[in-house]
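Below is one structure; the comments refer to it alone.
Protein chains: 2
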Amino acid sequence: MLPSTTRALVTTLREDARMVVELVEQPLPAPGPDDVLVQVEAAPINPSDLGLMFGPALMAEATYELGRVEAPVPPAAMKALSARVGQPLGIGNEGAGVVVGAGTNAQHMIGRRVAAFAGAMYSQYRVIPAAECMVLPEGITARQGAAAFVNPLTALAFIETMRAEGLSALVHTAAASNLGQMLVRLCLADGIPLVNIVRSAQQVALLRAMGAHYVLDSTSATFSQELEQALAETGARVVFDAIGGGPLLGTILTAMERVATADGAYSRYGSTQVKRGFVYGALDMAPITLPRTLGFVWDVSGWLLSPMMERLGPEARARVHGRVAAELTTTFACHYKGELSLADALSREAVADYTRRATGSKFLILPCNSSIDM
Amino acid sequence: MLPSTTRALVTTLREDARMVVELVEQPLPAPGPDDVLVQVEAAPINPSDLGLMFGPALMAEATYELGRVEAPVPPAAMKALSARVGQPLGIGNEGAGVVVGAGTNAQHMIGRRVAAFAGAMYSQYRVIPAAECMVLPEGITARQGAAAFVNPLTALAFIETMRAEGLSALVHTAAASNLGQMLVRLCLADGIPLVNIVRSAQQVALLRAMGAHYVLDSTSATFSQELEQALAETGARVVFDAIGGGPLLGTILTAMERVATADGAYSRYGSTQVKRGFVYGALDMAPITLPRTLGFVWDVSGWLLSPMMERLGPEARARVHGRVAAELTTTFACHYKGELSLADALSREAVADYTRRATGSKFLILPCNSSIDM
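First to last, the sequence lines map onto chains A and B.
Residue 150 in my numbering sits at position 141 of the first sequence; the count goes up by one each step and never skips.
Residue 382 in my numbering sits at position 373 of the second sequence; the count goes up by one each step and never skips.
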């Protein structure tokens, strides 16, 4: 007998400018002929999930009750979010679990453990097209497979993007993140020069211990010089920036411009070399500031995983999915600070911890305390 | 007998952080076999010339003597300019004059009036490859042909860039400039929807009188709403920005994002429509600030005429040069506030006037008070 309802976390921006995140019981549709019903065992809290979950709400003013968090949203932020007002939205980009039901064309999936990038995964049960599921290799647990999409595919897609720009080395900010650690392993394995930028001596030590060669602390007094040297040595002219707000991106692009113009004669318009910035995250929601020291040949763009995966095409997608599945416990291994039930994820203590977005404070939600070995 | 020296304006950033612009007498090379020697009759002072001429020097602290201006450069700006320290650089991107000498392969050019985009045109005489000269049509004066390159080609190249992005309408800032007026005429002639953004009611009146349909005053209280309406009506998703510093570019891209998301369902990542910003000028040298209200699909780039012209290829270049030559007194006509000799261009009064970079304060330098009818 398949369940007809599921408990899930939903986020609603109310018209009165209150962001409400709550645990609700909601109807669960029956799987269509090509769908599977997944009992979700584990789903990570990624920074991109927090953007939807709490958005720009003022968490210092949040109020908490069992299974419910409520926080005010500043008036200035309401305009940008007007399209979501009044709509309860499911949360949790990705997760893993076991197929416990299936439509007529997907019966072979029953009993398999799968990962999915389907959204609304902070839910006990979730109906998903079978074609969108990544079947996890034998012996991989839901904990190991929960984050098989966002970070691994982002790291792989960074490298694809770099190559599409005709470049062969890259810079990464907030590089001690789970994603950053993956990128370190991936670039070491593939022999790609990577300049890691972090924000503390501890993070430097962490990445160096992993074998990373270039690890720069942006809070160091000698950061600018070290950055220029690393850029000169690696030839890195593309940066993937998780932070977005503030001056760091402009500082990196300026250093690229300085390195690019260091050899040649003075040109009033600066270097003609490509200098490419991609902003994929929003750890700092302040405006991005770009100084006018970049010359005239520079490009800064938003970067989003899904359109990039679309562009890769089905064959390349299958190839990167295959690599992720094969390297889940090595290259793409993910570390968590703790595990939370759906209700615990809305406790004051947990919210304070995971909304810090600090290195080493990533959590896993276990929507369903399944008896299946996770 | 050809001259062996020429008087010219040169700019030098000294090691002691003083920017010195002065009138000097310097040797003039003999033309090579494929060169012409041009007696420069007229050369405009474009904003791009000011960038080289004075750069970030603090003009309020400038000192003036006959044929010489000196101003301090802030320490913060010295780093970016280190490559030009100690080098006297010629000024004046473009100009027009008469060919008074030529190498063996360019004898047919003698006596012709030409325009050129050769740099260092604030000079009585200039040796230039004949192939780089645009021969002006019969009856066109040096005053009319002096600005045949920078603004006309920029306006035409904006439209080429827009088309290369697959777009069919555009936004332009500082739109009452000489370039902006050209773009208005060009877009009217070619039926291209153009959203003009200016900074005063006077400038609105100026462009409206020329027949421009969308002219928005960014200082108006209703600017945001008018901008969104204009973007919705025209479908403009690319902006060419002369200003660069400050929030305007981000405001325009945010409005594009709002219009792009107005119809559809809420997406946490915003619209997937292209939103494209090109920064081609630096009327404001402050950092560009981009708010995080652009969604994830956006691109902002530096834009520079010369690489764009290179990309067009020789055939397209010849075509646009032909159009410019044919429409110099109509579409591409340029208006000047006044005319200055080389020495007068360094007077306190003149510098104060043309460094304001305000609409209607464009000047023409007449390097050589030639007896030839200008």
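For each residue, glycine too, the CB sits at the ideal point set by N, CA and C.
Is there a Cβ of chain A sitting closer than 9 Å to that of residue i, yes or no?
i	result
T182 of chain B	no
M384 of chain B	Residue 384 of chain B lies beyond the residue range present for chain B, which begins at 10 and ends at 383; the question has no answer from this structure.
I297 of chain B	yes
R320 of chain B	no
V248 of chain B	no
S379 of chain B	Residue placement at S379 of chain B is flagged as unreliable, the pLDDT there being 40, under the threshold of 50; a coordinate-derived value is accordingly withheld.
A23 of chain B	What sits at residue 23 of chain B in the sequence shown is Arg, not Ala. Not an interface residue.
T338 of chain B	no
R267 of chain B	yes
A92 of chain B	yes
T263 of chain B	yes
S209 of chain B	no
G253 of chain B	yes
P316 of chain B	yes
Y289 of chain B	yes
Could you pull out every residue in the same chain whose Cβ sits closer than 7 Å to the Cβ of residue i, ignoring the five residues on either side in sequence?
i	result
P36 of chain B	S13, T14
Cβ of residue i less than 9 Å from any chain B Cβ?
i	result
F305 of chain A	yes
V309 of chain A	yes
D382 of chain A	Any reading at D382 of chain A is ruled out, since the residue's pLDDT is 40, under 50, leaving its predicted position unreliable.
E235 of chain A	no
P300 of chain A	yes
T364 of chain A	no
P84 of chain A	no
A26 of chain A	no
L313 of chain A	yes
P53 of chain A	no
P256 of chain A	yes
S276 of chain A	yes
P40 of chain A	no
On the DSSP bridge assignment, give the partners of residue i in chain order.
i	result
H117 of chain B	Note: H117 of chain B sits in no beta bridge, so no partner.
A181 of chain B	Looking at the sequence shown, residue 181 of chain B is not Ala but His. The partner list for H181 of chain B (beta bridge, DSSP) reads B:N205, B:F249.
D293 of chain A	A:G253
I137 of chain B	B:V45
Y278 of chain B	DSSP, once it has assigned bridges, lists no residue as partnering Y278 of chain B.
M143 of chain B	B:A124
I374 of chain B	B:A52, B:L349
Q35 of chain B	B:T15
P81 of chain B	B:R27
Only counting the same chain, and skipping five residues up and downstream in sequence, which positions put a Cβ closer than 6 Å to that of residue i?
i	result
M68 of chain B	A80, T364
L299 of chain A	G259
I374 of chain A	A52, Y131, L349, A354
R357 of chain B	Y73
F287 of chain A	F249, S310, W312
V329 of chain B	L165
G331 of chain A	none
V333 of chain A	A157, P161, F341
So, for residue i: in the same chain, excluding its five sequence neighbours on each side, which residues have a beta-carbon less than 8 Å away from its beta-carbon?
i	result
A313 of chain A	In the sequence as displayed, the identity of residue 313 of chain A is Leu instead of Ala. Y289.
T338 of chain A	I149, Q153
D382 of chain A	Here D382 of chain A scores only 40 on pLDDT, less than 50, and its place in the model is too uncertain to base an answer on.
A335 of chain B	P146
R217 of chain A	V224
S380 of chain B	Reliability of the predicted coordinates at S380 of chain B is poor, the pLDDT of 37 falling under 50, and the value obtained from them is presented with this limitation in mind. Here the set comprises nothing.
A352 of chain B	L32, L75, G76
Which residues mark the beginning and the end of the beta strand (DSSP E) in which residue i is found?
i	result
G106 of chain B	104-111
R285 of chain B	285-288
How far does the alpha helix (DSSP H) with residue i in it reach, from first residue to last?
i	result
T163 of chain A	159-173
F232 of chain A	232-243
A155 of chain A	Counting along the chain, A155 of chain A falls outside any alpha helix (DSSP H), and DSSP gives it neither H nor E.
R365 of chain B	Taken as a continuous stretch (DSSP letters only), R365 of chain B belongs to no alpha helix (DSSP H), as it is neither H nor E.
G189 of chain B	187-199
E324 of chain B	323-335
**Request:** Would you check if there are 3 or more beta carbon pairs closer than 8 Å linking the segment 89-101 of chain B to the segment 189-207 of chain B?
**Result:** no
Practice item. Could you say if the segment 125-141 of chain B and the segment 321-335 of chain B meet the contact criterion of at least three C-beta pairs nearer than 8 Å? Key: no
Stretch pair the segment 171-188 of chain B + the segment 268-288 of chain B: three plus CB contacts closer than 8 Å: yes
_Stretch-stretch touch, CB-based, cutoff 8 Å, three pairs: the segment 75-91 of chain B with the segment 13-31 of chain B_ = yes
Item checked: Touching by the beta-carbon criterion (3+ pairs, under 8 Å), the segment 181-192 of chain A and the segment 161-172 of chain A -> yes
query: Is there contact here, the segment 238-255 of chain B with the segment 296-311 of chain B, by at least three beta-carbon pairs under 8 Å?
result: yes
Review point. Touch check for the segment 220-237 of chain A and the segment 260-270 of chain A: three-plus C-beta pairs under 8 Å?
Key: yes
Quiz item: Listed from N- to C-terminal order along the chain, which residues in the segment 60-88 of chain A have their beta-carbon within a distance smaller than 7 Å of any beta-carbon of chain D?
Solution: In the displayed structure, chain D is absent; the protein chains listed are A and B.
(message) I want to know whether the segment 113-127 of chain A touches the segment 53-63 of chain A - three or more CB-CB distances under 8 Å.
(response) no
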